[in-house]
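For the record, the sequence lines run as chains A and B. For the first sequence, my numbering puts the final residue at 387, and the numbers step up evenly by one. For the second sequence, my numbering puts the final residue at 214, and the numbers step up evenly by one. A short write-up of the structure that comes next.
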Amino acid sequence: MYKKNNISIALTGGHAVGEAMRQINPDVVAVYPITPQTPIIEYFAKRIADGEIDTEIIPVESEHSAMSACIGSSACGARTMTASSSQGIMYMFEVLPVASSMRLPIVMAVSNRAISGPINIHGDHSDAMVMREMGWIQLFAENVQEAYDNMIIGCKIAEKALLPLATNMDGFFTSHSVENLELLRDPDVKNFVGNYAPRQHLFNFDSPKTFGPVALQNSYFEFRKQIFDAMNKVPDIFNEVTEKFKKLSERGYVSVERYRTNNAETVIVAIGSVCGTVKDAVDKLRDKGKKVGLVKITLFRPFPYKDVKQALKNAQKVIVLDRNLAFGTKQVLAGEVESAISQEVQSVVYGLGGRDVYEEQIIDLFKGKNNSGFIM
Amino acid sequence: MQNKNRYEIIIHGRGGQGAKTTAEILVQAAVREKKFVQAFPSFGPERTGAPMLAYVRISNEPIRTHEPVVDPDCVLVLDETILDTIDVTQNITGTEAIIINTAKTKKEISERMKFNGNIVTVDAKGMSLDIIGENRPNTVILGKLAFVSEKVKIENITEAFRSKYEKKIGKEKTDKNIKAIEKAYNIY
């Protein structure tokens, strides 16, 4: 079934995601294409303008309207996607949980960027972290290849789980970085995602349904509990979809990736593009006999507590990197990891507002030379 | 310690001068040679005229790091006025080339920078004005890079240029651009 016929090229993360969207050819994409947007939609819209695909693109007047239009379109049974980041996500915030409560498998490509204030549109994870309790599945990519793959995998996961899903890649560090990747062939992508045939939608006139009703004391709780239950089923769906994707692409994905964690005494836990830099640091230290490793989280929501616990079971010291700064509470990823392993971790915040992070700084962390809680 | 399998470049320019395009054409040329590549810009305020950087890596092995280029093997300067405010010689300790778009001589630039390393001057602006009729030093300078670095073949740079631009700017203008790139390659 699988033919090694993938095409090896180099694209920016933004174009790679746009290319995945072209191959998926969703029914509707509603967007507000203005800063802070990314080249994703510019690339994708050009494919439509050139007549390559027949997606209906809806340019709206704000990000709030973009997500609202996505909700309407998805409720009508259309495969629906959008892209946003930073303040765009902040503005669509009010409707994000409406998408999950209506159980709509909207897929949103997010290029993770800082949120105001002060004003900054560069790469960090602040936007993804404010989204984390909205009932959206969240996948993170380390590089351009993963950003591309996550769109295809994500489309399938969302539709099986009946939950909205955000694919995250680091703004600029991945979205604007040109890297090698292998594209799947168009028919293989089409075949993988298949036709979208929702069981229930507004245009099913033989079986009319109400979407997004008022739900008061007697039913609101049940609706919310359904999101909770649906989210708990996602890990199995993730495994099933990534297994199938591996057969197609020879690229395997796991919710929690372990990199040289065998006999590792000190392990860094991280998400996003910094994982590549950490892997290089791990190799250098391993060459010198240091027992270090990396645990990379790919599936961030729902959080894979069991897999994280398993991956860290032999680590003596755990360092968790967060690319956003939480105020008056534990850092998001650090708190999640602590609760997974029931043990305190060294929490480190790095890279806010697009600040670069260097391999040397990661090596210092491994060596215990930086105990400030920050890479500034 | 430098990874011998990897060639790293820093491109200095100003917002709007096309440093990102320089990086992109270069890595697309390297992809034609089955290399692993990475190119990413480092914007400041994302404003026309503000200094900005682009980083390029060309490698025989997959590239995983996302740190900026720290210890470049070559530096490209698209705008000589940057030399007044930015030290482009950081971590240049040996024979790594600093290729500068300028009509001035190597001696003049060396004295101005107070730097005795391997400075290579190329009048990319002059060449592009002569041949293309527009100020497009950002791609012309790649001819000189191909010559100096011997990391990417000139024909792959010109082909990468053609495949990115021919549809957009037409064959005639593309040919002129390529002629200018080749001129920068041949003049030393």
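Ideal Cβ positions, reconstructed from N, Cα and C, are used throughout, including at glycine.
Could you tell me whether any Cβ in chain A is nearer than 8 Å to the Cβ of PHE62/B?
yes
By alpha-carbon positions, which one of SER85/B, HIS92/B, LYS132/B ends up nearest to GLN54/B?
SER85/B
Roughly how many angstroms lie between the CA atoms of VAL109/A and GLY223/A, to the nearest whole one?
8 Å
Measure from the alpha carbon of LYS236/A to the alpha carbon of each residue in GLU347/A, CYS81/A, LYS378/A, MET113/A, then state which is nearest.
MET113/A
Tell me the residue span of the alpha helix (DSSP H) that contains LYS307/A.
Segment 303 to 308 is the beta strand (DSSP E) holding LYS307/A; no alpha helix (DSSP H) there.
Distance check for HIS26/A and ILE148/A, CA to CA, integer angstroms please.
22 Å
Roughly how many angstroms separate the alpha carbons of VAL368/A and LYS290/A, rounded to a whole number?
13 Å
Taking the C-alpha atoms as reference points, what is the distance between PRO98/B and ASN117/B?
7 Å
ASP199/A and SER284/A - do their beta-carbons sit closer together than 8 Å?
no
Given a cut-off of 8 Å, decide if LYS201/A and GLN211/A are closer than it, judged by their beta-carbon atoms.
no
Within 8 Å (strictly less), CB to CB, does ILE148/A reach chain B?
no
With DSSP as the reference, label THR128/B as helix, strand or coil.
coil
Using three-state DSSP, classify CYS81/A as helix, strand or coil.
helix
Give me the residue from PRO175/A, ALA60/A, ASN154/A with the minimum Cα distance to ALA94/A.
PRO175/A
If we ignore side chains and look at the alpha-carbon of each, how far apart do PRO77/B and ASP65/A end up?
41 Å
Within this structure, are the beta carbons of PHE66/B and ALA80/B separated by less than 8 Å?
yes
Alpha carbon to alpha carbon, what distance is there between GLU254/A and ASN16/A?
Low local confidence applies: a pLDDT of 45 at ASN16/A is under 50, so the model's placement there is unreliable, with the coordinate-based value given in what follows. ASN16/A and GLU254/A: Cα-Cα distance of roughly 19 Å.
Please tell me whether PHE66/B has its Cβ less than 8 Å away from any Cβ of chain A.
yes
According to the Cβ coordinates, are GLY146/A and MET78/A closer than 8 Å?
no
Report the option in ALA129/B, HIS92/B, HIS38/B, ASN203/B whose CA atom is closest to the CA atom of GLU185/B.
ASN203/B
When you compare only the Cα positions, how much space is there between PHE69/B and ILE37/B?
12 Å
Distance cutoff 8 Å, beta carbons only. Does ILE238/A sit that close to anything in chain B?
no
Quick check on DSSP: helix, strand or coil for ILE20/A?
strand
Applying the 10 Å Cβ sphere with the 16-neighbour rule, what's the burial state of LYS299/A?
exposed
For the segment 244 to 278 of chain A, enumerate the residues whose C-beta is nearer than 8 Å to any C-beta of chain B, in chain order.
none
Chain-ordered neighbours of ARG90/B on chain A, where CB pairs are closer than 7 Å:
GLY287, LYS290, ASP291
Compare the C-alpha of ALA21/A against each of TYR211/B, ASP201/B, ARG138/B, GLU59/B and name the closest.
GLU59/B
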